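J.:
Protein chains in written order, with my numbering: chain A, 4 to 139; chain B, 106 to 251.
Below you can see the structure in the form of structure tokens.
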């Protein structure tokens, strides 16, 4: 990644979100919300015909994108707004852009805008993140 | 259904939590990435550990706001601040509080509440290593639904 304002991050593609992954994450999160497990409930709520991916998983794709863009960096903050649903079978595409670079006491802090789309063009999540880069 | 008063300010019981290698591996598998070699947990584990050790279940938290999973609650926004990575196998303490419950009516969605709660995680008797603020959207039935 080129560390300069305006540099693009990603895109990071996550192909075909599987129901098995959503079910595994529901177990880890101890989250019984049926919208992640039962398409009939999703339909009854008028939210579509496929199960809805967990919001934390959508954040996880963005985290993976950031860590892939800046190997060895640490995510010190992440703020996201969930704008739409990601569904079972969707392909997630995460990206972002560097908004600010600060270097102080030998430590470089990078502030980024971040986003996640359901392919091809439906924005699911948007926000910002701060990375602390690994020492050079 | 409307939310009860007195919800804001409710302290969540919190709990001790240790991120297990198996839990970290499962999250990494779900996210299709490999666990870190240095013993640090995937950053999403900060969310998982805090929510898992807030001292009430997801159903229990919803119940405080007079909601149930069948209502179809969804996460509206999330903020994470992390001073240092959490480590696999390290014991941490989680604490939390409900900081907001706001009623709104959407043109498309109808009535809903936004439940906001703050969580912190860190070693016992030490400053937190991470904190989060979550806002959940709780659909509410209108009188017309009855």
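Here a beta-carbon is modelled for each residue, glycine too, at the ideal position from N, C-alpha and C. Predicted model, so just to flag it, every value in this text is computed and none were measured.
Which whole runs of the alpha helix (DSSP H) in the segment 148-190 of chain B are 4 residues long or more, in chain order?
T.: Restricting attention to alpha helix (DSSP H) runs no shorter than 4 residues, the segment 148-190 of chain B encloses them at 149-157 and 163-169, ordered along the chain.
J.: Measuring only between beta-carbons, confirm whether residue 36 of chain A sits less than 8 Å from chain B.
T.: yes
J.: Given a threshold of 16 other Cβ atoms within 10 Å of its Cβ, counted over all protein chains shown, does residue 46 of chain A qualify as buried or as exposed?
T.: exposed
J.: Would you mind stating whether residue 229 of chain B and residue 198 of chain B have Cβ atoms separated by less than 8 Å?
T.: yes
J.: Using DSSP with H/G/I as helix, E/B as strand and the rest coil, what is residue 146 of chain B?
T.: Under the three-state reduction of DSSP, residue 146 of chain B is assigned to coil, being neither helix nor strand.
J.: Could you tell me the alpha carbon to alpha carbon distance between residue 188 of chain B and residue 207 of chain B, rounded to whole angstroms?
T.: C-alpha separation (whole angstroms): 30 Å.
J.: Near residue 37 of chain A, which residues of its chain fall below 7 Å by C-beta distance, leaving aside the five closest residues on each side in sequence?
T.: 44
J.: For residue 128 of chain B, name the three-state secondary structure that DSSP assigns.
T.: helix
J.: Compute the Euclidean distance between the alpha carbons of residue 33 of chain A and residue 162 of chain B, then round it to the nearest angstrom.
T.: 7 Å
J.: Tell me whether residue 235 of chain B sits in a helix, a strand or coil according to DSSP, three-state version.
T.: strand
J.: Curious, which full-length alpha helix (DSSP H) runs of at least 4 residues does the segment 44-115 of chain A contain?
T.: 58-72
J.: Going by beta carbon distance, what residues of the same chain come within less than 6 Å of residue 158 of chain B, once the five residues before and after it are set aside?
T.: 120, 122 and 199
J.: Note the first and the last residue of the continuous beta strand (DSSP E) segment covering residue 129 of chain A.
T.: From DSSP, the beta strand (DSSP E) with residue 129 of chain A extends over 125-135.
J.: Under the three-state reduction of DSSP, which class applies to residue 11 of chain A: helix, strand or coil?
T.: strand
J.: Under 8 Å Cβ to Cβ from residue 181 of chain B, same chain only, skipping five residues before and after it: list those, please.
T.: 219, 240, 241 and 242
J.: With DSSP as the reference, please indicate the residues paired to residue 216 of chain B in a beta bridge.
T.: The beta-bridge partner set that DSSP reports for residue 216 of chain B consists of B:210.
J.: Give the DSSP-derived three-state secondary structure of residue 248 of chain B in the structure shown.
T.: Low confidence applies to residue 248 of chain B: its pLDDT is 49, below 50, so where it sits in the model is not reliable enough to give any reading.
J.: By the DSSP assignment, the beta strand (DSSP E) with residue 119 of chain B in it spans what residues?
T.: In the DSSP assignment, residue 119 of chain B falls within the unbroken beta strand (DSSP E) covering 116-123.
J.: According to DSSP, is residue 137 of chain B part of a helix, a strand, or is it coil?
T.: DSSP, reduced to helix, strand and coil, places residue 137 of chain B outside both helices and strands of the structure shown, so it counts as coil.
J.: Rounded to whole angstroms, what's the CA-CA distance from residue 123 of chain A to residue 133 of chain B? Just pull it up for me.
T.: 25 Å
J.: Determine whether the Cβ of residue 125 of chain B lies closer than 8 Å to any Cβ atom of chain A.
T.: no
J.: I need the straight-line Cα distance from residue 139 of chain A to residue 127 of chain B, nearest angstrom please.
T.: 32 Å
J.: Per DSSP, which one or two residues make a beta bridge with residue 201 of chain B?
T.: B:117 and B:224
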